[in-house]
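Taking it in order: structure first as structure tokens, then the write-up.
2 protein chains.
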Amino acid sequence: MDRHEKTPADFLITCVDHVITCDDTFQVFSPGAIAVHQGTIVAVGTPCELHQRYEAKETVTLSGHIVLPGLVNTHVHGAMSLFRGLADDLPLDRWLHEHIFPAESRHVQPDFVFLGTLLSCTEMLLGGTTCFCDGYFFEEAAAQAADLCGIRAVLGQGILDFPTPDAPDPKAVRHRIQAFLENFPRTSARLRPSLFCHAPYTCSPETLQWAKAVCTDRGMLFQIHVSETRWEVETIRSRYGTSPVAHLERLGILDDQTLCAHAVWIDDQEIHLLAETGACMAHCVESNLKLASGIAPIPAVLKAGIPVGLGTDGCASNNDLDLFSEMSLTARVHKAVTGNPTVCDARRVLLMATRMGAHAVGWGAATGSLEVGKKADMVALDMERAHLCPLYDPTSHVVYAARASDVRHVWVDGVPVVRDGVLKTVDVPNLLREVRKAAAVIAEGMFFR
Amino acid sequence: MDRHEKTPADFLITCVDHVITCDDTFQVFSPGAIAVHQGTIVAVGTPCELHQRYEAKETVTLSGHIVLPGLVNTHVHGAMSLFRGLADDLPLDRWLHEHIFPAESRHVQPDFVFLGTLLSCTEMLLGGTTCFCDGYFFEEAAAQAADLCGIRAVLGQGILDFPTPDAPDPKAVRHRIQAFLENFPRTSARLRPSLFCHAPYTCSPETLQWAKAVCTDRGMLFQIHVSETRWEVETIRSRYGTSPVAHLERLGILDDQTLCAHAVWIDDQEIHLLAETGACMAHCVESNLKLASGIAPIPAVLKAGIPVGLGTDGCASNNDLDLFSEMSLTARVHKAVTGNPTVCDARRVLLMATRMGAHAVGWGAATGSLEVGKKADMVALDMERAHLCPLYDPTSHVVYAARASDVRHVWVDGVPVVRDGVLKTVDVPNLLREVRKAAAVIAEGMFFR
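Residue numbers (the working numbering), protein chains in the order written: chain Y, 1 to 449; chain H, 450 to 898.
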């Protein structure tokens with residue numbers, strides 16, 4: 001009989017081979033346990049310690065597993081999963097003007113955004129991503145999809161000075177933003193609105209400053225694509241006489257509530273500006289490689305102390321939403337670029353996919369690590385697989401060997417959204433049928449190679 | 450009732466959404482079917498056509514699937530899967546001298562090679578690889594493991610002018626090779642012996658020429674690591690006054706029965722020499738990135754007409770044997786390096802992983818494409834997954850979105866070695882237990898970071 005009275009907990013995850021906390025000191029409990037109450041982590045430690053302290057309504061025994069924080073995808077265009085593999089291996093201008101833009105102008109409506117985002121959330125949850133930061137049009141519909149799936153999200157309403165699917169008249173974009181903010185679902189604390197100015201070359205200084213002011217006023221994340229291509233850098237230089245990052249800094253856009261996606265072509269001065277202002281970065285290595293944009297100088301960015309998360313970008317340029325392959329690639333490619341096999345080590349890369357990413361999208365206080373007081377956003381990887389055997393170092397395995405398909409259980413806010421590899425919140429076979437119907441309409445009339 | 454008498458077949462795979470043949474004209478049948486008799490493909494075509502022509506003992510209906518040729522891994526050190534994740538993120542010299550070499554000298558024995566190769570074959574078959582080209586020590590034991598698993602293989606016995614686990618006295622290496630060739634199991638036509646000279650800097654000109662002569666004499670593939678690092682290029686230049694490839698060419702080593710692994714640091718003259726001699730290449734992009742070796746100039750190599758296959762290298766530097774991630778990365782990274790999004794397109798990369806790879810390892814007449822007369826080495830991918838939906842182009846999906854875990858069925862020589870994701874030739878849970886026991890011994894006494 002226990003000498004002390006036990007504290008109640010909703011559930012206890014225990015006998016986990018390795019619990020990787022991703023906390024400040026990168027504690028790993030081998031074996032480990034986690035106690036969760038009312039959606040929040042109340043304890044992380046060894047199984048014996050937690051069994052002595054907690055009386056749990058449910059106990060989940062996970063020997064043969066690694067448990068880590070839910071992954072954070074810091075840059076997604078969820079609805080674009082409906083364009084997955086529609087056009088590859090093309091020059092950027094043909095890809096955009098002959099395929100993506102025509103497809104968007106024909107098909108992007110709230111139903112499209114809802115369906116595409118639902119597909120993306122399904123793929124992300126099944127692959128261990130519990131939080132994502134989105135940017136597209138009709139983002140109220142994206143929010144509804146995220147709400148339904150049970151994922152955590154930042155939903156960024158897209159802004160351009162050109163006609164868009166949900167603001168055909170660019171002059172009306174401020175009304176559109178107002179409507180977005182009014183319509184944004186208030187049903188879930190897991191969802192937060194955001195504004196996403198497309199890029200410095202598609203948004204005027206006035207648009208950028210206005211949108212940033214709205215974000216600051218409402219405590220929202222401001223998102224923008226920055227320096228994705230060399231062409232963009234040249235365009236901004238010829239238009240404003242400075243680099244894209246310096247241009248944003250002059251406009252007062254950069255602070256710790258600003259997320260810069262891509263930032264492939266940034267120089268030392270721009271890295272310094274980002275670090276000084278506290279701005280964050282979303283690194284999208286697979287998309288940047290596939291579109292031949294280039295490779296962001298991540299080792300230098302990390303050295304400067306800039307918070308960097310990982311992002312898949314949209315499925316049209318990836319072609320999946322798999323953060324395990326993003327981790328594997330991020331840990332490898334910068335080694336070859338710098339000629340230094342010690343940069344972007346497994347631990348650093350896992351932090352990018354979890355704690356640093358959560359911080360970058362403004363959810364750092366609630367998710368990104370397994371710590372007391374944070375929401376129980378957790379992933380269990382099944383290690384009983386040939387490609388994960390033997391195991392000498394669990395962090396190495398997560399980054400260099402594990403796959404999205406090794407994800408067996410996922411919790412968001414302590415809710416088991418994925419159990420035994422099955423998503424509980426969505427009827428996946430039915431979803432895939434609906435997606436195929438939509439894809440048939442998209443394919444009709446497209447010019448195929 | 451049919452008007453013509455039907456031809457008998459052992460089995461018919463039919464109603465496949467897409468059969469990607471990887472033949473000369475890159476035919477894709479949508480829907481498609483394949484008839485197999487006595488381990489050999491006797492017909493590929495539409496389901497209606499094949500149902501009219503063949504009377505099959507068994508019919509396998511695969512709607513919702515893509516069927517493609519079994520993948521070919523052109524560069525593996527199978528036994529090294531026992532060192533998976535043992536040491537990462539280290540400078541090459543510390544990785545080799547403090548971790549890999551000590552572990553090898555302590556542990557590499559026939560039992561070790563058998564167990565590690567069995568683990569590797571298990572991972573490869575489950576991930577759609579039906580043929581691999583290996584290089585290590587005690588390769589008779591590797592051959593036994595490959596035989597047991599039912600995979601197709603080239604087993605390259607390692608040769609160095611330094612003490613090795615199976616030839617502690619380098620002077621005795623020729624006896625060792627003789628013993629290897631005598632002991633090589635003759636039980637299966639799926640297995641072929643080969644010699645693997647480690648590198649131009651670890652093998653003298655005499656050793657290289659002797660080993661190549663043995664290979665030529667017996668019609669065997671000759672394998673060698675070439676120009677993996679800048680250090681190697683400088684070493685060979687200072688020792689022999691020329692580049693590694695030119696050095697090999699001068700020695701008469703290069704012909705269409707020679708496979709050069711890595712070839713990261715090769716210049717235009719070396720590309721010309723490789724093309725002229727008919728030598729083949731194994732491109733190991735994940736390993737080259739992880740060890741910070743560099744990025745081979747594959748678009749130029751392909752343009753020169755050099756047959757290039759994909760290789761994972763050993764698990765100590767990868768850390769898996771997944772050709773799907775190698776395809777995805779090969780198709781992406783060269784786009785960013787060259788700034789050209791049209792290089793290494795999906796079709797070309799899939800050919801590298803199949804037909805070109807089979808040619809490179811000397812198995813081109815028997816495998817690498819789904820064509821009449823070739824062995825029935827085939828993989829069925831289950832497309833009923835969120836990350837593979839929708840589908841506009843099956844080849845794009847295989848390269849940019851599919852994962853090893855999407856492999857559902859695998860046939861080698863027409864034998865169903867993987868069915869419903871389960872390997873029929875190996876007791877996998879028991880294998881993993883044995884591997885963990887071996888790993889515990891390896892871990893004991895190792896210095897961990």
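Each residue gets a CB set at the ideal place from its N, CA and C atoms; glycine is no exception. Fair warning: this is a prediction, and the values are worked out from it, not measured in the lab.
Kindly give me the distance between the Cβ atoms of residue i and residue j, rounded to whole angstroms, as I take these residues to be in contact under 8 Å.
| i | j | result |
| --- | --- | --- |
| H:His567 | H:Ala888 | His is not the amino acid found at residue 567 of chain H; the sequence shown has Leu there. Going by Cβ atoms, the distance from H:Leu567 to H:Ala888 rounds to 14 Å, so no, they are not a contact pair. |
| Y:Val44 | Y:Val19 | 6 Å |
| H:Leu657 | H:Thr579 | In fact, because the Cβ distance is near 31 Å, the residues do not count as touching under 8 Å. |
| Y:Ala331 | Y:Val349 | 4 Å |
| Y:Ala380 | Y:His65 | 5 Å |
| Y:Arg106 | Y:Asp377 | No, Y:Arg106 and Y:Asp377 are not in contact; Cβ-Cβ is about 37 Å, not under 8 Å. |
| Y:Ala282 | Y:Gly309 | 5 Å |
| Y:Ala211 | Y:Cys197 | 5 Å |
Would you decide whether residue i is buried or exposed? Buried here means 16 or more other CB atoms lie within 10 Å of its CB.
| i | result |
| --- | --- |
| H:Gly668 | exposed |
| Y:Glu270 | buried |
| H:Arg533 | buried |
| Y:His262 | buried |
| H:Ser777 | buried |
| Y:Val428 | buried |
| Y:His97 | exposed |
| Y:Pro8 | exposed |
| H:Asp717 | exposed |
| H:Arg898 | The pLDDT assigned to H:Arg898 is 34, lower than 50, so where the model puts this residue is not dependable, and the model offers no usable value. |
| H:Phe968 | Outside the shown range of chain H (450 to 898) lies residue 968 of chain H, about which nothing can therefore be said. |
| H:Asp542 | exposed |
| Y:Gln157 | buried |
| H:Lys823 | buried |
| Y:Gly421 | exposed |
| Y:Ala213 | exposed |
| H:Glu454 | exposed |
Within its chain, find whatever has a CB closer than 7 Å to the CB of residue i; leave out the 5 residues flanking it on each side and keep chain order.
| i | result |
| --- | --- |
| H:Tyr650 | Glu681, Thr684, Ile685 |
| Y:Gln144 | Phe114, Pro185 |
| H:Pro480 | Cys464, Val465, Asp466, Thr495, Pro496 |
| H:Phe475 | Arg796 |
| H:Thr784 | In the sequence under discussion, the amino acid at residue 784 of chain H is Lys, which differs from the Thr named in the question. For H:Lys784, where only same-chain residues beyond five positions count, the Cβ hits under 7 Å are Pro790, Val792, Cys793. |
| Y:Thr54 | First, the amino acid is wrong: residue 54 of chain Y is Tyr here, not Thr. Result list for Y:Tyr54: Lys6, Thr7, Ala9, Leu12, Ala35, Ala43, in chain order. |
How far does the alpha helix (DSSP H) with residue i in it extend, from its first residue to its last?
| i | result |
| --- | --- |
| H:Phe550 | 550-556 |
| Y:Asp147 | 139-149 |
| Y:Thr122 | 110-126 |
| H:Lys784 | 772-787 |
| H:Ala892 | 877-892 |
| Y:Val509 | Since the first residue of chain Y shown is 1 and the last is 449, residue 509 of chain Y is not available in this structure. |
At which residues does the beta strand (DSSP E) containing residue i begin and terminate?
| i | result |
| --- | --- |
| Y:Cys15 | 7-16 |
| H:Cys471 | That residue, H:Cys471, is in no beta strand (DSSP E); it is neither H nor E in DSSP. |
| H:Val864 | 864-868 |
| H:Asp615 | Careful: H:Asp615 lies outside any beta strand (DSSP E) and carries neither H nor E. |
| Y:Arg152 | 152-159 |
| Y:Thr187 | Careful: Y:Thr187 lies outside any beta strand (DSSP E) and carries neither H nor E. |
| H:Val579 | Sequence check: residue 579 of chain H is Thr here, not Val. Its beta strand (DSSP E) spans residues 578-585. |
I'd like to know if residue i contacts chain B, where contact means its C-beta is closer than 8 Å to some C-beta of that chain.
| i | result |
| --- | --- |
| H:His696 | Note that chain B does not occur in the displayed structure, where the protein chains are Y and H. |
Looking only at its own chain, which residues have a Cβ that is under 6 Å from the Cβ of residue i, when we skip the five neighbours before and after it?
| i | result |
| --- | --- |
| H:His417 | This structure cannot settle anything about residue 417 of chain H, because the visible part of chain H is limited to 450 through 898. |
| Y:Lys290 | Ser317 |
| Y:Cys215 | Leu195, Phe222 |
| H:Ala724 | Ala753, Gly754, Ile755 |
| Y:Ala358 | Val72, Gly364, Thr367, Gly368 |
| H:Ala505 | Ala458, Phe460, Leu461 |
| H:Arg804 | Cys471, Gly817, Ser818 |
Spatial neighbours of residue i within its chain, please: CB distance less than 8 Å, with the 5 preceding and 5 following residues excluded, ordered by chain position.
| i | result |
| --- | --- |
| H:Asp596 | Pro634, Thr636, Ser637, Arg639, Leu640 |
| H:Cys598 | Leu567, Cys570, Thr571, Leu574, Val866, Leu872, Thr874, Val875 |
| H:Gln975 | Nothing can be reported for residue 975 of chain H, as the shown portion of chain H is limited to 450 through 898. |
Which ranges would you report for the beta strand (DSSP E) in the segment 686-765 of chain H if only whole runs of at least 3 residues count? 707-711, 729-732, 757-759
Where in the segment 639-685 of chain H do unbroken runs of the beta strand (DSSP E), each at least 3 residues long, occur, reported from the N-terminal end onward? 640-646, 670-675
Identify every run of the beta strand (DSSP E) within the segment 807-857 of chain H, keeping only runs that are complete inside it and at least 3 residues long; order them along the chain. 827-831
For a minimum of 4 consecutive residues, which ranges assigned as the alpha helix (DSSP H) are wholly contained in the segment 472-528 of chain H? 496-502
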